[in-house]
Amino acid sequence: MLLFTMCAGMFLVQLDVTVVNVALPTLGTDLHADLAAQQWVVDGYTVVLAAFLLTGGALGDVFGHRRVVLTGFGLFGAASAACGLAATAPVLVAARAGQGLGAALL
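All letters in the sequence shown, in the order written, are residues 2 to 107 by our numbering.
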């Protein structure tokens with residue numbers, strides 16, 4: 002069960018890097034986002050994930066990997082809900098950054 006949970010989490014992390022690209026034209030129209038904002042929607046996640054990946058591992062060593070992974074799942078889920086509820090591009094970029102932080106803790 003643990004292996005399945007971790008594999009599913011890593012699958013979601015990798016899927017979330019690319020899946021938003023499919024929705025960019027619709028997001029740009031619905032949120033009235035220019036090209037730069039659309040780029041940040043994609044890159045905000047990846048930049049934060051890369052920036053905090055090593056920190057997430059160190060936090061796991063200090064506080065326990067189970068606690069950090071569960072915190073990462075919770076943060077990733079809450080940020081995903083915020084992405085779904087985002088009404089403007091800056092809110093979506095911030096929520097995507099939150100997803101990246103949660104993913105780094107996984």
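Note that CB positions come from ideal geometry on N, CA and C, so glycine has one too. All of these numbers come straight from a predicted model, not from anything done at the bench.
| Item | Value |
| --- | --- |
| For glycine 65, the three-state DSSP class (helix, strand or coil) | coil |
| Cβ neighbour criterion (16 or more within 10 Å) applied to leucine 106 | buried |
| Rounded straight-line distance, which links the Cα of alanine 104 to that of valine 14 | 6 Å |
| Rounded distance between the beta-carbons of alanine 79 and valine 42, thought under 8 Å | The pair is not a contact, with the Cβ atoms about 18 Å apart (cut-off 8 Å). |
| Threonine 89 in three-state terms, based on DSSP | coil |
| Span of the alpha helix (DSSP H), counted from its first residue to its last, around leucine 25 | 21–31 |
| Chain-order list of residues whose beta-carbon lies under 7 Å from that of leucine 32 (same chain, five-residue window excluded) | Thr89, Ala90 and Leu93 |
| Short CB-CB distance (under 8 Å) between leucine 71 and chain D | No chain D is present in this structure, which holds just one protein chain. |
| Contact set for valine 49: own chain, Cβ-Cβ below 6 Å, skip 5 residues either direction | Ala98, Gly101 and Leu102 |
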